[in-house]
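Mapped onto mature numbering (1 follows the signal peptide of the UniProt record, and there is no 0), the consecutive letters of the sequence shown carry residue numbers -19 to -1, 1 to 223.
Some notes on the structure that comes next.
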Amino acid sequence: MKRLASYVFFIVLCGLALSLPIKERKCLREKVITFPDLTTDNWVKLHPNESMDMSAATVCLRFYTERMSLDPCLFSLATPSYPQDFSLRWLSTSKQYEMTIHSFKVQLDGLVFNHNQWISLCANWDANSGLAQMFVNKVASIKKAVGPKVSFKGNPVITLGQCQTQYDGGFNEHNGFTGFIADVHVHGQILTIRQIKTYMEAKTKYKHGDYINWHNLMYTIAGSVQVEGKHQVTFNSKEEQQ
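Put into structure tokens, the structure is as follows:
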């Protein structure tokens, strides 16, 4: 009887271990991360190689969605000091992008959010000036002041497809993302206009992130999220190929 109980206990432990999210490191060139349904169980975490100490940052990514949630979140970086240290989402009611820096929010107007089309987005913020700017499909927003002029510091938790409202958690369906996300790069500097243009045009030699690099990415996926080939999910135009 004891042997049977031990065997059952072992099987349960194995099942739990297999169900836990697994951290992987891969090159995701020509890959997308698919978020197939709207649930807080679906998330992706990106794991940098070191803690963060940056006076400026640029986040670049591409996404493709039909926007099932009200205010879909694209990128969320949280630290113990600021649960929303750097986050990006779309506000469907006001039709604006929202950028959060050190838990302070700013809205950016006049930038496209098209359903079922690839959108390339870069957003940056500089602690020296306190100014934020966003670029969407080679259209630039104006620069806006947001947040205190302090550097990004600490051990971040970075998520795609869910906005953190607390450090390493606090997801809600209101901000959930459905669709595809690809080519995520985080730079510890402000990219030049030329570098951003090269990324937007998806040219082979665009600058890869020095803090998060899609071509050498440590990540964890949970729920029904999957990694797929870009050619398997959408028609690639010339500008969408790397």
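Where is the CB? At the ideal position from N, CA and C, for every residue including glycine.
Secondary structure of residue i, DSSP reduced to three states
i, result
"I177", "helix"
"V127", "coil"
"V214", "helix"
"H83", "coil"
"N194", "strand"
"Q189", "Per the sequence shown, residue 189 should be read as His rather than Gln. Coil, per DSSP."
"E182", "coil"
Sequence-distant residues of its chain with Cβ nearer than 8 Å to residue i (five each side left out)
i, result
"H96", "T46, E47, R48"
"H28", "K4, I139, M199, Y200, T201"
CA-to-CA distance, residue j to residue i, given in whole angstroms
i, j, result
"L9", "N23", "19 Å"
"W195", "S50", "26 Å"
"K124", "A113", "5 Å"
"V13", "H212", "9 Å"
"C54", "I193", "18 Å"
"K178", "P2", "35 Å"
"F44", "S73", "16 Å"
"T140", "I174", "26 Å"
"A38", "F67", "9 Å"
"F133", "Q98", "32 Å"
Sequence-distant residues of the same chain with beta carbon closer than 7 Å to residue i, five excluded per side
i, result
"L92", "Y78, M115, V117, V120, S122"
"N156", "S50, D52, P53, C54, R70, Q143, C144"
DSSP beta-bridge partners of residue i
i, result
"N105", "T39, Q114"
"C54", "R70"
"R10", "The partner list for R10 (beta bridge, DSSP) is empty, contrary to what the question assumes."
"Y78", "W71, L89"
Cβ-Cβ separation, residue j to residue i (assumed contact under 8 Å), whole Å
i, j, result
"T20", "E209", "Actually they are not in contact, since the Cβ atoms of T20 and E209 sit about 19 Å apart, beyond 8 Å."
"V206", "V25", "6 Å"
"V127", "M80", "7 Å"
"S75", "Q88", "7 Å"
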